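**Q** Chains as they are written, first to last, in full-length UniProt numbering: chain B, 1 to 179; chain S, 1 to 179; chain Z, 1 to 179; chain V, 1 to 179.
There are 4 protein chains.
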Amino acid sequence: MKIAVFHGSTREKGNTEYLAYKAVPKDQATHIYLRDYNIQPITDFRHTPEGFPDIHDDQLQLVDQMLAHDILVFATPIYWYGMAGPLKVFIDRWSQVMRDPNYPHFREELGNKKAYFILVGGDQPTIKGLPLIQQLTYICQFYGIKVGGYVIGEARKPGMIVHDNRALEAASTLVSELQ
Amino acid sequence: MKIAVFHGSTREKGNTEYLAYKAVPKDQATHIYLRDYNIQPITDFRHTPEGFPDIHDDQLQLVDQMLAHDILVFATPIYWYGMAGPLKVFIDRWSQVMRDPNYPHFREELGNKKAYFILVGGDQPTIKGLPLIQQLTYICQFYGIKVGGYVIGEARKPGMIVHDNRALEAASTLVSELQ
Amino acid sequence: MKIAVFHGSTREKGNTEYLAYKAVPKDQATHIYLRDYNIQPITDFRHTPEGFPDIHDDQLQLVDQMLAHDILVFATPIYWYGMAGPLKVFIDRWSQVMRDPNYPHFREELGNKKAYFILVGGDQPTIKGLPLIQQLTYICQFYGIKVGGYVIGEARKPGMIVHDNRALEAASTLVSELQ
Amino acid sequence: MKIAVFHGSTREKGNTEYLAYKAVPKDQATHIYLRDYNIQPITDFRHTPEGFPDIHDDQLQLVDQMLAHDILVFATPIYWYGMAGPLKVFIDRWSQVMRDPNYPHFREELGNKKAYFILVGGDQPTIKGLPLIQQLTYICQFYGIKVGGYVIGEARKPGMIVHDNRALEAASTLVSELQ
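Written out as structure tokens, the structure is:
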């Protein structure tokens, strides 16, 4: 099983990244840092006759990467009780991929995959991060992606995730495909 | 009471906009279409010694508008079970405003306001939009903003909101400050 | 379409009952007040060889009533952010009906029905009642029951529901089968 | 810190009980099996002039036990995406204790405590159990009880919890007061 980890944080070497490595060590997966790519926000052209215009950014390269793996791990800090911008922009643009004639089986292909979520927040994340878990689950359900599990860590300041033993422990057994 | 409606949609004259006008007619409030403004996505510099860099976009002008009103209505289509990008980017950047010495009372000022939410989605929105309601509520709780209520409409295609009588009816009595 | 309203409250003529009548007037449906029936709480015998013992109470009579209608309205006050006891006990016992050889098609039959929820609570019910809406939705999903909609009213003391105009209005257009 | 575990299951030696012992071994806490006590369901007399009648069951004895401990662990199977009956009945009756002149400081005393939740379900419990986590959290918030954390295990049949290594592992580090 090939694993890809999509890092949503805008900060390098942040708490979420640290927790993600506990779940999926660097050398056991493809790690993709969305902040390093140019992904344009979506404009909703689903309902215009001409459809979505071509956008010349890195989105399709990332989609190809995603489709080439079996297990998808989405790791994101919790920003205002939602996912970080780079991850949301990446996922929003899937709407466009679904209408791209070069990706006729996009939804079906995603439906063969399994997803894990890794979240880190500072304000009671194991409670206030639950709407985000529900949102991510609805996204997966739409595509038929199986949800394998999730870990929510707590950290208010850089580096503090090392003190959340419970989350670190949980991360280390999260991705059952690694065991 | 002065009312401002923040429209999050990337599409003009969409279903959400229609529903929002039912709640707050055009001539009874300041209507702000976030898509018409340049708002840069946040990069998390909360924890760097130098803090956030100045960003020369329209964010602070919008923040000033927001602070000049008593009632804030956030109207957004449900994109992937979350809020639309322009609204999320606007809210994300509030983190930066909280650290801006020109806005020393930002959080307290928001705490005197009241918010309403207007959502429209195509996939069982009255159920699958609930995590978004919870997320928006957590955001308001953080600032002390009182949540006045919300309406969730259903529309899969442009213009279809006119058939969601229940949502239209609910919108027309939503903003109690109008009554 | 035949409509049955299941009232979960332990109090007579309470706020929830009032709101339910706005949605489904007394003379347009079968109104069942669960408090008037003897329904024993479930003991989990799903996994014992002998299975569930026969229980001589009113549960099966109520189940028969339920199956004889097309539209099911569940009206309950929000007690500690969940449904009232009589309704929970009634639903819990469905587990037993599913194993009752006299009801071989119980789940399938429920799957042809449509449900509405009417909730009334005193502590920010339109927000803190959402987990209950989600719970009721999961229950319906299990059986394949379509969720038609819901209304959440606010009332802290007896009779106060008359002041929640928004909920009363919403209730009056809730059950689309009545229109 | 004195720990009390309230077991909500109607079955002896079930999966939830097993998981609870992983979190809080038998000899390190007071374990209370609610099914062994007589707790009458609440009837809502909050708003009648004479108030709640005295009920001669075991509720107040259990309340005394609860108040005599610092850490409260609520362990319940997920029945229809909610808590088990005995636990709900116990909690529902707290409404009555709050009006009992013999317990004038009930709410304040609870506000000094910390709670943990242990849930086990069979149908995607780490997702479909989240409304129950939210409900339990709202209950704790009402009383000012701090939520220390929770574990959700998956088991469809008796004994199957032994295969949910992730939950067992998480349980073993759940109650930080034990460490």
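Cβ atoms here follow ideal geometry from the backbone N, Cα and C, with glycine treated the same way. Values in this document were obtained by computation on a predicted structure and should not be read as measured data.
From Cys140 of chain V to Gly85 of chain V, what does the alpha carbon distance come to, in whole angstroms?
**A** If you take the alpha carbons of Cys140 of chain V and Gly85 of chain V, they lie about 18 Å apart.
**Q** Which bits of chain V does Pro158 of chain Z rub up against, with CB to CB less than 7 Å?
**A** Within 7 Å Cβ-Cβ: His47.
**Q** Compare the Cα-Cα distances from Asp164 of chain B to each of B:Trp94, B:Gly153, B:His56 and report the closest residue.
**A** Ranking the options by Cα distance to Asp164 of chain B, first place goes to B:Gly153.
**Q** What residues in the segment 81-107 of chain V bring their beta carbon closer than 7 Å to a beta carbon of chain Z?
**A** Hits within the stretch, in order: Tyr81, Gly82, Gly85, Lys88, Val89, Ile91, Asp92.
**Q** With DSSP as the reference, label Lys2 of chain B as helix, strand or coil.
**A** In this structure, Lys2 of chain B counts as coil in the three-state DSSP scheme.
**Q** What does Thr146 of chain S pair with, by DSSP beta-bridge criteria?
**A** Here residue 146 of chain S is Lys; the residue named in the question, Thr, does not match the sequence. In DSSP, Lys146 of chain S forms a bridge with S:Lys114.
**Q** Give the single residue among S:Tyr116, S:Leu178, S:Ile55, S:Lys22 whose Cα lies nearest to the Cα of Ile42 of chain S.
**A** For the residues S:Tyr116, S:Leu178, S:Ile55, S:Lys22, the minimum Cα distance to Ile42 of chain S belongs to S:Ile55.
**Q** Spatial neighbours of residue 189 of chain V within its chain, please: CB distance less than 7 Å, with the 5 preceding and 5 following residues excluded, ordered by chain position.
**A** Coverage of chain V is limited to positions 1 through 179, which leaves residue 189 of chain V absent and any answer about it impossible.
**Q** Between Val63 of chain Z and Val97 of chain Z, how many whole angstroms is the CB-CB distance? I'm expecting something under 8 Å.
**A** Indeed they touch by this definition, with Cβ atoms about 6 Å apart.
**Q** Quick one: give me the first and last residue of the alpha helix (DSSP H) that Phe90 of chain S is part of.
**A** Start and end: 85-92.
**Q** Using beta carbons (cut-off 8 Å, strictly below), is Ile152 of chain V in contact with chain A?
**A** Among the chains of the structure shown, chain A does not appear; the protein chains present are B, S, Z and V.
**Q** Counting pairs of Cβ atoms below 8 Å between the segment 32-51 of chain V and the segment 164-179 of chain S, do you hit three or more?
**A** No contact exists between the segment 32-51 of chain V and the segment 164-179 of chain S.
**Q** Looking at chain Z, which residues of the segment 138-152 of chain V have a Cβ within less than 8 Å of any of its Cβ atoms?
**A** Cβ contacts with chain Z come from Tyr138, Ile139, Phe142.
**Q** With burial defined as no fewer than 16 other Cβ atoms inside 10 Å of the residue's Cβ, what is the status of Met66 of chain S: buried or exposed?
**A** When all chains shown are included, Met66 of chain S counts as buried.
**Q** Give me the residue from V:Phe6, V:Ile3, V:Met1, V:Glu12 with the minimum Cα distance to Gly159 of chain V.
**A** Comparing Cα positions, the closest option is V:Glu12.
**Q** How long is the line joining the alpha carbons of Asn38 of chain V and Leu130 of chain V, rounded to whole angstroms?
**A** Cα-Cα distance, rounded: 29 Å.
**Q** Please name the residue, chosen from V:Val147, V:Arg156, V:Ala155, that lies closest to Leu174 of chain V on a Cα-to-Cα basis.
**A** The candidate whose alpha carbon is nearest that of Leu174 of chain V is V:Val147.
**Q** Check distances from the C-beta atoms of the segment 38-72 of chain V to those of chain Z and list, in chain order, the residues that come in under 7 Å.
**A** Cβ contacts with chain Z come from Pro41, Ile42, Thr43, Asp44, His47.
**Q** Take Ala170 of chain S and list the residues in its own chain whose beta-carbon comes closer than 6 Å to its own, dropping the five residues that flank it on each side.
**A** Result list for Ala170 of chain S: Val151, in chain order.
**Q** Give the DSSP-derived three-state secondary structure of His163 of chain S in the structure shown.
**A** It is helical.
**Q** Nearest to His7 of chain V by alpha carbon, out of V:Arg107, V:Met1, V:Leu87?
**A** Comparing Cα positions, the closest option is V:Leu87.
**Q** Chain Z beta carbons: is any one of them nearer than 8 Å to that of Asn112 of chain S?
**A** With 8 Å as the cut-off, Asn112 of chain S does not count as an interface residue toward chain Z.
**Q** Leaving aside the five residues before and after Val89 of chain B along the sequence, list all residues of the same chain whose C-beta is less than 6 Å from its C-beta, in chain order.
**A** Same-chain partners within the cutoff: Ile39, Pro41.
**Q** Determine, for Lys13 of chain S, whether the minimum Cβ-Cβ distance to residues of chain B falls below 8 Å.
**A** Lys13 of chain S does not count as touching chain B.
**Q** Could you tell me the boundaries of the beta strand (DSSP E) in which Leu72 of chain Z lies?
**A** Element bounds for Leu72 of chain Z: 71-79.
**Q** Which partner residues of Glu154 of chain V appear in the DSSP bridge assignment?
**A** Beta-bridge pairing links Glu154 of chain V to V:Gly121.
**Q** If I follow the unbroken beta strand (DSSP E) through Tyr18 of chain B, where does it start and stop?
**A** Looking at the DSSP string, Tyr18 of chain B is not in any beta strand (DSSP E); the run it does join, the alpha helix (DSSP H), is 15-23.
**Q** Locate the alpha helix (DSSP H) running through residue 184 of chain B, then write down its first and last residues.
**A** Only positions 1 to 179 of chain B appear in this structure, which leaves residue 184 of chain B out of reach.
**Q** Would you mind sorting Pro125 of chain B into buried or exposed? The rule is 16 or more other CB atoms within 10 Å of its CB.
**A** With 16 or more other Cβ atoms within 10 Å, it is buried.
**Q** Can you check whether the C-beta of Tyr79 of chain Z is within less than 8 Å of a C-beta belonging to chain V?
**A** With 8 Å as the cut-off, Tyr79 of chain Z counts as an interface residue toward chain V.
**Q** Distance cutoff 8 Å, beta carbons only. Does Thr10 of chain B sit that close to anything in chain S?
**A** Chain S contact via Cβ: present.
**Q** For Lys26 of chain Z, would you say it is in contact with chain V, using Cβ-to-Cβ distances shorter than 8 Å as the test?
**A** It does not: the Cβ of Lys26 of chain Z has no partner Cβ on chain V nearer than 8 Å.
**Q** Can you list the residues of chain S that Gln134 of chain B reaches, using a CB-CB cut of under 9 Å?
**A** Per Cβ cutoff of 9 Å: Tyr81, Lys128, Leu130, Pro131, Gln134.
**Q** Kindly indicate which residue of S:Met1, S:Gly111, S:Asp100 has the alpha-carbon position closest to the one of Tyr51 of chain S.
**A** According to the sequence provided, residue 51 of chain S is Gly. The question's Tyr does not apply to it. Measuring from the Cα of Gly51 of chain S, the nearest candidate turns out to be S:Asp100.
**Q** Which residues in chain V have a C-beta closer than 9 Å to the C-beta of Glu169 of chain B? List them in chain order.
**A** What Glu169 of chain B touches in chain V: Glu169, Ala170, Ser172, Thr173.
**Q** My output table needs one value for Tyr138 of chain B: the three-state DSSP class, helix, strand or coil.
**A** Looking at Tyr138 of chain B - three-state DSSP - the assignment turns out to be helix.
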